[in-house]
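Have a look at the structure below before the remarks.
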Amino acid sequence: METNIFNNHSQQIELLDQEDDLENEFKFEDDDDENLEPFDPTKIRVKTKPMTMDLLLKRIKHDEIDLAPDFQRQADIWTNIAKSRLIESLLIRIPLPAFYIDATNDDKWIVIDGLQRISTFKEFLLNKEEGKNTKNKALKLTGLQFLKDLENKKYDDLPRHYQRRIDETELTVYLIEPGTPDEVKYNIFQRINTGGLPLNNQELRQAMNPGKPIQILKRFAELPEFTRVVNLSKKKKQRMDDHEFVLGFIAFTLTHYNDYPLNKGRNYFLHEAMKKLNKLDSNWIQTIENQFTIAMKAAYNIFENTAFRKSLSSPVNKSLFESWSVTFSQLNPQQIETLIQNKEILKEKFRQKMKDDPNFLKSVSQASSKVQYRFEQVNQIVQEVLSC
Numbered sequence: 278m279e280t281n282i283f284n285n286h287s288q289q290i291e292l293l294d295q296e297d298d299l300e301n302e303f304k305f306e307d308d309d310d311e312n313l314e315p316f317d318p319t320k321i322r323v324k325t326k327p328m329t330m331d332l333l334l335k336r337i338k339h340d341e342i343d344l345a346p347d348f349q350r351q352a353d354i355w356t357n358i359a360k361s362r363l364i365e366s367l368l369i370r371i372p373l374p375a376f377y378i379d380a381t382n383d384d385k386w387i388v389i390d391g392l393q394r395i396s397t398f399k400e401f402l403l404n405k406e407e408g409k410n411t412k413n414k415a416l417k418l419t420g421l422q423f424l425k426d427l428e429n430k431k432y433d434d435l436p437r438h439y440q441r442r443i444d445e446t447e448l449t450v451y452l453i454e455p456g457t458p459d460e461v462k463y464n465i466f467q468r469i470n471t472g473g474l475p476l477n478n479q480e481l482r483q484a485m486n487p488g489k490p491i492q493i494l495k496r497f498a499e500l501p502e503f504t505r506v507v508n509l510s511k512k513k514k515q516r517m518d519d520h521e522f523v524l525g526f527i528a529f530t531l532t533h534y535n536d537y538p539l540n541k542g543r544n545y546f547l548h549e550a551m552k553k554l555n556k557l558d559s560n561w562i563q564t565i566e567n568q569f570t571i572a573m574k575a576a577y578n579i580f581e582n583t584a585f586r587k588s589l590s591s592p593v594n595k596s597l598f599e600s601w602s603v604t605f606s607q608l609n610p611q612q613i614e615t616l617i618q619n620k621e622i623l624k625e626k627f628r629q630k631m632k633d634d635p636n637f638l639k640s641v642s643q644a645s646s647k648v649q650y651r652f653e654q655v656n657q658i659v660q661e662v663l664s665c
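With the working numbering applied, the sequence shown corresponds to residues 278 to 665, in that order.
The following block contains the structure:
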């Protein structure tokens, strides 16, 4: 029978009850909202731009709209029936909701809200390939409610008057203009992003920082040393949870926990780390990857399948992941070997810390602002074992 380290500690049990379920473990971001520095609302620069479907498609053809190929959940989030009924809405002249786009780089727009709709337009209007596994497979209409005679037809199969109706459809587009500060832009992303399946915070970060940062996170997240100790479900990976774990490690590797921006919060901290990734050279990235690999190996050799968990039955906890992994990454091989040889002592000290220190439990359960305390306590456990 499994032993729960929180037995007979009502305060700890109450804290544990406040956690999210296994599919939504520990959202730091909610803890940060109340005490953050407000931004100047006069810096919001958004304009309305009427645009025809034809003009939108020209931007897609010239690769001037980022359809976020690194968003792994993009490809299968909508069924063909849902896509087909969007096209049917165009054909029967049902107005569409507005699109929101980050146009701070006029040569490469980033879609804030409306990505699935625009991807559907591309699939139906521009894609021409056949076959199940082709990247540019053309959409065939299916499951239509009104225009049954158009079932199984592609764009090129439509009568010309239907093609013209789609091409001349007027869309309402809101553009975030150049000069809008990043923190303002991120807040706009969050407020607008309330659709059917809103992007979570990591997906928003990746939408705002396409390219190199995402590729680095993806590379780290696919390392076998990481996947062995952080074994996430397919759903969690599709929602970029694995990328956020990796980003947390990188963020605290680049910025010491004593310099964590309490008045700006975790979203700002991780977003800044994404921007820093864009500027790192390959040598720096390789150094961080080596440290990351060392930390993951150490975590497995000490904790095995219970690494970064508050109890045997708990899911991986992001704050413990950051605290333990960054601490392990800063040790030399001899120190890590000492911890492995004394792993039972280390694990017992950790269990006692979770039982006897409510502030530590709070620091890994509720408030992302208690960064310094949780890092200091994990480091203290490690130093005590090294001194044995």
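Beta carbons are placed, not taken as given, at the ideal position from N, Cα and C, and that holds for glycine.
Going by DSSP, V506 is part of the alpha helix (DSSP H) stretching over P501 to V506.
Around the CB of R543, 16 or more other CB atoms lie within 10 Å, so the residue is classed as buried. DSSP, reduced to helix, strand and coil, places T397 within a helical segment of the structure shown.
For the pair K417 and F398, the Cα-to-Cα distance works out to about 12 Å. Taking the Cα positions, W601 is about 19 Å away from C665. When rounded, the separation of the alpha-carbon atoms in V603 and F569 is 8 Å. Pairing L392 with K620, the inter-Cα distance amounts to about 48 Å. In terms of Cβ geometry, V506 and F585 form a close pair [threshold 8 Å].
For the region 488-538, the continuous alpha helix (DSSP H) assignments of 4+ residues that do not extend past its boundaries occur at 489-498, 501-506, 511-515 and 518-531, in sequence order. Take A576, set aside five residues on each side of it, and the residues of its chain with a beta-carbon closer than 8 Å to its own are V506, A584, F585, W601, S602 and F605, in chain order.
DSSP places T329 inside the beta strand (DSSP E), whose first and last residues are V323 to T329. In the three-state reduction of the DSSP assignment, L334 falls in the helix class, which pools H, G and I. Residues of the same chain with a CB within less than 8 Å of the CB of L344, apart from the 5 flanking positions on each side, are I337, Q351, V388, L392, I395, S396 and K399 in chain order.
Beta-bridge partners of T449 (DSSP): P327. For F423, the secondary structure class from DSSP, reduced to helix, strand or coil, is coil.
Straight-line measurement puts the Cα of K630 at about 35 Å from the Cα of L476. Sequence-distant partners of L509 (beyond 5 residues in either direction) whose C-beta falls short of 6 Å from its own C-beta, in its chain, are D518 and D519. Pairing N413 with S559, the inter-Cα distance amounts to about 32 Å.
Under the three-state reduction of DSSP output, F376 falls in the strand class.
Non-local C-beta neighbours of R482 in its own chain, meaning closer than 7 Å and more than five positions away in sequence, comprise L547, H548 and M551, ordered along the chain. Sixteen is the threshold: when 16 or more other Cβ atoms of the shown chains lie within 10 Å of the Cβ of S591, as they do, the residue is buried. Within a 10 Å sphere around the beta-carbon of L638 sit 16 or more other beta-carbons, which makes this residue buried. Here DSSP, grouped into helix, strand and coil, assigns D444 to helix.
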